[in-house]
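**Student:**
Numbering (our numbering), first residue to last: 17 to 287.
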């Protein structure tokens with residue numbers, strides 16, 4: 017009898033510990049029930065995969081592009097200058113961020129990515145027909161798919177919990193957006209490229225806010241370089257927060273769409 021009581025007591029202790037384990041894990045996680053770790057993992061995998069798709073198409077577009085070239089100087093001192101292309105990994109980052117609605121700047125002035133020379137950013141270069149649409153669907157759909165995967169993996173109880181779980185995929189997107197905005201910049205220092213941005217005597221530049229006289233001398237020599245890159249504010253706001261959070265949450269809701277439809281129907285019936 018004593019042995020049986022001892023076994024029953026040990027079984028009860030084991031059950032109590034099992035029941036308490038989730039609470040302990042939540043306490044160790046600072047009381048948060050959001051699956052931050054899982055969201056970060058699924059988000060990072062999706063981010064890397066979709067960025068590589070931009071990099072692949074950008075590398076092809078860069079190889080097929082002709083860099084800006086032109087004569088610099090006058091008379092016997094004139095020489096042909098062929099400029100360098102922007103590195104594919106940077107241009108791929110521009111392509112990636114632009115898909116989320118990020119704007120770009122040149123020396124603080126608003127600039128259009130499509131008008132900037134010497135890059136093969138796949139989202140605006142059209143390396144293949146329908147490439148822009150393809151990249152948009154892959155990038156946007158990837159975020160939603162990651163949110164769906166997190167909600168399914170964590171077995172979210174209802175649509176609200178699924179949306180919260182899906183939104184956690186934004187964590188790596190925020191980090192990437194901030195890093196890309198700071199690192200993926202390019203300095204244009206060669207005459208033909210600078211002229212394409214600010215305009216020349218007989219042409220308009222790609223950046224209306226920049227004056228040619230501030231960057232080019234009388235013979236086409238560069239007097240001041242131009243730094244171009246993503247808007248830090250836009251990158252963080254759109255590519256790091258709003259779009260990933262919304263799309264991730266929608267993907268999470270899709271994982272519990274039956275519950276979402278039931279709640280929506282109930283709300284409609286109450287009207």
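All C-beta atoms in this analysis are idealised placements derived from N, C-alpha and C, irrespective of residue type, glycine included.
For residue 268, which residues in the same chain have their Cβ closer than 6 angstroms to its Cβ, ignoring the five residues on either side in sequence?
**Tutor:** Around residue 268: 163, 167, 178, 179, 181 and 182.
**Student:** Taking the alpha carbon of residue 189 as the reference point, which residue from 135, 147, 128 and 156 has its own alpha carbon closest?
**Tutor:** Among 135, 147, 128 and 156, the Cα nearest to that of residue 189 is on 156.
**Student:** Within its chain, find whatever has a CB closer than 8 angstroms to the CB of residue 143; leave out the 5 residues flanking it on each side and keep chain order.
**Tutor:** Confidence in residue 143 is poor, its pLDDT being 48 and thus under 50, which makes the residue's placement too unreliable to answer from.
**Student:** Nearest-angstrom Cα distance between residue 241 and residue 102?
**Tutor:** When rounded, the distance between both Cα atoms is 15 angstroms.
**Student:** So for residue 18, helix, strand or coil by DSSP?
**Tutor:** Residue confidence for residue 18 is low, a pLDDT of 48 falling below 50, so the modelled location carries little weight and cannot support an answer.
**Student:** Under DSSP, the beta strand (DSSP E) around residue 127 begins and ends at which residues?
**Tutor:** 125-127 is the span of the beta strand (DSSP E), which, as asked, contains residue 127.
**Student:** Once you ignore the five residues that flank residue 152 on each side, which residues in its own chain have a CB closer than 8 angstroms to its CB?
**Tutor:** Correct list, in chain order: 115 and 139.
**Student:** Name the two residues that bound the continuous alpha helix (DSSP H) containing residue 82.
**Tutor:** Neither: residue 82 is in no alpha helix (DSSP H) and is coded neither H nor E.
**Student:** Could you work out which residue in 174, 193 and 209 is closest to residue 270 when comparing CA atoms only?
**Tutor:** Residue 174 is the option with its Cα nearest to residue 270.
**Student:** For the candidate residues 69, 160 and 130, whose alpha-carbon lies nearest to that of residue 105?
**Tutor:** Nearest of 69, 160 and 130 to residue 105, Cα basis: 69.
**Student:** Beta carbon of residue 72: closer than 6 angstroms to some heavy atom of the ligand FAD?
**Tutor:** Looking for the ligand FAD in the displayed structure turns up nothing, as the structure carries no ligands at all.
**Student:** Find out if the Cβ-Cβ distance for the pair residue 65, residue 187 is shorter than 7 angstroms.
**Tutor:** No. Outside cutoff.
**Student:** Quick one: what's got a C-beta closer than 7 angstroms to residue 283's C-beta in the same chain, skipping five residues either side?
**Tutor:** There are no such residues.
**Student:** Have a look at residue 169 and residue 272 and give me their C-alpha separation to the nearest angstrom.
**Tutor:** C-alpha separation (whole angstroms): 12 angstroms.
**Student:** Report the start-end ranges of each beta strand (DSSP E) in the region 163-226 that is 3 residues or longer and not cut off at the edges.
**Tutor:** Listed in chain order, the complete beta strand (DSSP E) runs (minimum 3 residues) inside the region 163-226 are 202-204.
**Student:** Buried or exposed for residue 63, please, with buried defined as at least 16 other CB atoms from any protein chain shown within 10 angstroms of its CB.
**Tutor:** Flag for residue 63 reads buried.
**Student:** Could you check which residue in 119, 160 and 214 has the C-alpha nearest to that of residue 247?
**Tutor:** Nearest C-alpha to residue 247: 119.
**Student:** Classify residue 234 as buried or exposed, calling it buried when 16 or more other Cβ atoms lie within 10 Å of its own Cβ.
**Tutor:** With fewer than 16 other Cβ atoms within 10 Å, it is exposed.
**Student:** For the beta strand (DSSP E) that residue 246 lies in, which residues bound it at each end?
**Tutor:** Per DSSP, residue 246 belongs to the beta strand (DSSP E) from 242-246.
**Student:** Let me know if residue 237 comes out buried or exposed under the rule of 16 or more other beta-carbons within 10 Å of its beta-carbon.
**Tutor:** Residue 237 should be labelled exposed.
**Student:** Alpha carbon to alpha carbon, what distance is there between residue 159 and residue 60?
**Tutor:** Distance between the alpha carbons of residue 60 and residue 159 is about 10 angstroms.
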